[in-house]
Every structure is written in structure tokens, then in C-alpha cells.
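Asks:
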Amino acid sequence: MEFSVVITAFNCKRFIEKSLHSVFSQTYSPKEVIVIDDASTDRTYPLLQRWGKKYPTLRVVRNKQNFERCKSRNLGVKLAKGDFVCFLDCDDLWLERYLEKTFEAINGGHSAVFGLPKVFVNSEGKITRKKKPPQDGFETLLFEGRVGYPSGSCFNRETFLRLGGYLQKYLMREDWEIFLRFYLAGEKVAFIPSHEYAIREHSLRTSRGNKRFLQATLRVYKDYLKKTPDEFKPLLKYHLAVQLLRFNKKGIGRRLIFSLFVENPFLFKKGKRVWEALKRLF
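Numbered according to our numbering, the sequence shown spans residues 6 to 287.
(1) Here's the rule: buried if 16 or more other CB atoms are within 10 angstroms of the residue's CB, otherwise exposed. What is residue 60?
(2) For residue 54, count the other beta carbons within 10 Å of its own beta carbon; 16 or more makes it buried, fewer makes it exposed. Which is it?
(3) Distance, Cα to Cα, residue 155 vs residue 180?
(4) Out of 240, 255, 46 and 248, which one is the CA nearest neighbour of residue 266?
(5) If you draw a straight line from the alpha carbon of residue 125 to that of residue 100, how long is it in whole angstroms?
(6) For residue 146, which of helix, strand or coil comes out of DSSP?
(7) Using alpha carbons as the reference points, say which of 67, 92, 272 and 47 lies closest to residue 12.
(8) Can you list, in chain order, the residues of its chain with a C-beta nearer than 7 angstroms to that of residue 201? Leave out the 5 residues immediately preceding and following it.
(9) Check whether the region 167-182 touches the region 135-142, counting contact only when three or more Cβ pairs, one atom from each stretch, lie closer than 8 angstroms.
(10) Can you list, in chain order, the residues of its chain with a C-beta nearer than 6 angstroms to that of residue 87? Leave out the 5 residues immediately preceding and following it.
(11) Can you tell me whether DSSP reads residue 120 as helix, strand or coil?
(12) Alpha carbon to alpha carbon, how far is residue 194 from residue 268?
(13) Excluding five sequence neighbours on each side, which residues of the same chain lie with their C-beta closer than 6 angstroms to the C-beta of residue 249?
(14) Compare the beta carbon distance of residue 224 and residue 174 with 8 angstroms and say whether it is the shorter of the two.
(15) Inspect the beta-carbon positions of residue 186 and residue 168 and report whether they are closer than 8 angstroms.
(16) Going by DSSP, what residues sit across from residue 181 in a beta bridge?
(17) Please classify residue 129: does DSSP put it in a helix, a strand, or coil?
(18) On a Cα-Cα basis, can you pick out the residue from 127, 69, 66 and 80 that is closest to residue 208?
(19) Which runs of the beta strand (DSSP E) at least 3 residues long sit entirely within the region 51-76? Give them in chain order.
(20) Quick check on residue 230: does DSSP put it in helix, strand or coil?
(21) Note down the Cα distance separating residue 75 from residue 147, rounded to an integer number of angstroms.
(22) Within the same chain, show all residues whose beta-carbon is closer than 6 angstroms to that of residue 158, passing over the 5 residues directly before and after it, in chain order.
(23) Residue 220 to residue 84, Cα distance in whole Å?
(24) According to DSSP, what are the bridge partners of residue 42?
(25) Counting only the same chain and skipping the five closest in sequence on each side, list residues whose C-beta sits under 7 angstroms from that of residue 133.
(26) Consult DSSP for residue 221 and reduce its assignment to one of helix, strand or coil.
(27) What are the boundary residues of the alpha helix (DSSP H) that includes residue 110?
(28) Under the rule that 16 or more other beta-carbon atoms within 10 Å means buried, what is residue 115, buried or exposed?
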């Protein structure tokens, strides 16, 4: 089995070298590394060109204009030659056994792998917090909107292209939507509760505070509610309610939370959900 790694980069000069180093330090070497420079305006592209001269398996492609991450990732997959394509954001880091663990997970006949990060680091690369592995299974996490990190996502290349890749209409939630699409298409997704990678948190990172995040969440909800199995619909509604409250849509958010509490009180048996709802209700 061969892996292609796809990295999209836009004005990522500060972090891209650390990310590349983490890929080329893997215990399981990828077949190739493809970096799509999305028309950066800083010195990202010249820096990538220098790396390309040093590493023969690194291919650097530069977009003539900024297409944003969905189209850029899809371009990387189309250019890839590996059986599976793993994504890495240009500011995140893989720990050295990331591809090795991904390979082990895929061996069960899965067409995709998703893992949650092991740690979070700051702009200097220092660990700021460790992520505790969830007690919930993949399906619960998926329909509750807790699946998504591209740096923990890997797909069978042919299946990815057949199902349409990342869709621009869901930008900001495209990394969640694609796993909903895979799951509802009957594809097997391997889940790694604590995977070998680090999410870098810094001021330039695309934030969940961005209003486009809520708009994309509403779009996913509208398109997927009817497709979602009945047993998971309350989770999807709960996720939407929390996002509405987060973005100060208090009226509709409260109504949705209260209706869920009346219709599906079992949903709030988990103290974490109760606390998350309460802290945003008032």
C-alpha cells in the first residue's frame, strides 16, 4: 500500500517547514508529497521550491489564483499516484508514527481513516494541551459534528474521487461533510481515538468563530437531516443547536435545545452535553 500526502499552503512560510519535516521523518515513508501553493503572497512558494530540490519525492504546484482549500486539496488528489491520500494542513504536525498507524487501521478493508489529534501545540511548537480520547464511538462523534480535522484524515484515492472529493459549498465544514458522505454511502471508515498528530493553534488559523462556520453548519444540517438514520438525528440537531447558541442565535438555539430535551431526554444523560448547553443558554 502506498500513501500520497497532500498539503495545501497559503501564506504558511512560518510553519510549512516544520510540517514538511514531520512528513519526511515518518517511520512509514510516503510514495510522494504534493504541496499545492494556493497563490501565496509571502515567501511560501520560493521556500517550497528549495525543499523540492532537496527531496525528490516532493512535488510543488502553484495555483495561479487563490482557489481555497477544497479545490486545492482535490487538485492534489487528482495528481496523486498513491493508493491512499492523506492530508496535512500546512501548520500542523505529524508525529513520526502517523502513517504507520494509519496503515495498520486501513488493513481491515476500510476506504477512509479518521483520527483525533493527540496534542495541541502553540505557534512555537510547545504542547499546550493533550486531547483525551473520547468514550463515544465514531458514529456518535460523526453526527454530533466532532469529526473533521483534515490532518487526521486519509482516503482511498479512487473512492475519494468517485464520491466527489471536498465540496466547495460546504467550505468551513467540508472536512466534516465528507465523512458524512462516506458513511452514508456505505463506506467503511476506520477510527483512531488518539492519532499521532498535533494541531497547531495560533492567531492566523481559520477560526471556528468565523461566521462562515455557522453558515456551512446550517447547510450541512439542511442537506443531511433527511439522510441521517433516525437514531442519529437528535445528535445532528443538538450540534446545530450548540452552534446557533455559540453564534448568538439565542432564540432559535434555545427552542431547539428545549425541544430536544422534551423529545429526547436520553441525549442529556451525558453531563458534558448538559454543561455545554447550559453555558451557552444563558
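Idealized CB from N, CA, C, for every residue including glycine.
Replies: According to the structure data:
(1) Start at 1 with the first residue of the sequence shown, and residue 60 comes out as number 55. Exposed.
(2) Taking the first residue of the sequence shown as position 1, residue 54 is located at position 49. Under this definition residue 54 is an exposed residue.
(3) Taking the first residue of the sequence shown as 1, we reach residue 155 at position 150. Taking the first residue of the sequence shown as 1, we reach residue 180 at position 175. Roughly 6 angstroms between the two C-alpha positions.
(4) Here residue 266 refers to the residue found at position 261 when the sequence shown is read from its first residue. Answer by Cα proximity: 240.
(5) Here the question's residue 125 lines up with position 120 in the sequence shown. Here the question's residue 100 lines up with position 95 in the sequence shown. Near 12 angstroms, if we compare the C-alpha coordinates of residue 100 and residue 125.
(6) If you number the sequence shown from 1, residue 146 lands on position 141. Looking at residue 146 - three-state DSSP - the assignment turns out to be helix.
(7) Mapped onto the sequence shown, residue 12 falls at position 7. If we check each option's Cα against that of residue 12, 92 comes out closest.
(8) For the purposes of this step, residue 201 is taken as residue 196 along the sequence shown, with counting starting at 1. The answer, listed in chain order, is 99, 100, 102, 103, 106 and 123.
(9) no
(10) Sequence index remark: in the sequence shown, residue 87 carries index 82 (1-based). So the qualifying residues of the chain are 7, 8, 9 and 36.
(11) Your numbering for residue 120 matches position 115 in the sequence shown. Three-state DSSP puts residue 120 in a strand.
(12) Stepping through the sequence shown from its first residue, residue 194 is reached at position 189. Stepping through the sequence shown from its first residue, residue 268 is reached at position 263. When rounded, the distance between both Cα atoms is 30 angstroms.
(13) Taking the sequence shown and counting its residues from 1, the one referred to as residue 249 is at position 244. Taken in chain order, the residues that qualify are 257 and 258.
(14) Locating residue 224 in the sequence shown gives position 219, where the first residue counts as 1. Locating residue 174 in the sequence shown gives position 169, where the first residue counts as 1. In contact: residue 224 and residue 174 (Cβ atoms closer than 8 angstroms).
(15) Start at 1 with the first residue of the sequence shown, and residue 186 comes out as number 181. Start at 1 with the first residue of the sequence shown, and residue 168 comes out as number 163. Yes. Within cutoff.
(16) For the purposes of this step, residue 181 is taken as the residue at position 176 of the sequence shown. According to DSSP, residue 181 bridges with nothing at all.
(17) Your numbering for residue 129 matches position 124 in the sequence shown. In this structure, residue 129 counts as coil in the three-state DSSP scheme.
(18) Residue 208 sits at position 203 when you count from the first residue of the sequence shown. Residue 127 is the option with its Cα nearest to residue 208.
(19) 63-67
(20) Residue numbering aside, residue 230 sits at position 225 when the sequence shown is read from its first letter. Note: residue 230 maps to coil in three-state DSSP.
(21) Within the sequence shown, residue 75 is the residue found at index 70, counting from 1. Within the sequence shown, residue 147 is the residue found at index 142, counting from 1. Distance between the alpha carbons of residue 75 and residue 147 is about 20 angstroms.
(22) Position 153 of the sequence shown, counting from 1, holds the residue named residue 158. Same-chain partners within the cutoff: 92 and 119.
(23) Residue 220 sits at position 215 when you count from the first residue of the sequence shown. Residue 84 sits at position 79 when you count from the first residue of the sequence shown. A straight-line Cα-Cα distance of about 31 angstroms links residue 220 and residue 84.
(24) Taking the first residue of the sequence shown as 1, we reach residue 42 at position 37. The partner list for residue 42 (beta bridge, DSSP) reads 14 and 67.
(25) In the sequence shown, residue 133 corresponds to position 128, counting from 1. Cβ neighbours of residue 133 beyond the five flanking positions: 125, 126, 127 and 206.
(26) Your numbering for residue 221 matches position 216 in the sequence shown. In this structure, DSSP gives residue 221 a helical state, which the three-state scheme calls helix.
(27) Locating residue 110 in the sequence shown gives position 105, where the first residue counts as 1. Taken as a continuous stretch (DSSP letters only), the alpha helix (DSSP H) holding residue 110 covers 103-111.
(28) Residue 115 sits at position 110 when you count from the first residue of the sequence shown. Under this definition residue 115 is a buried residue.
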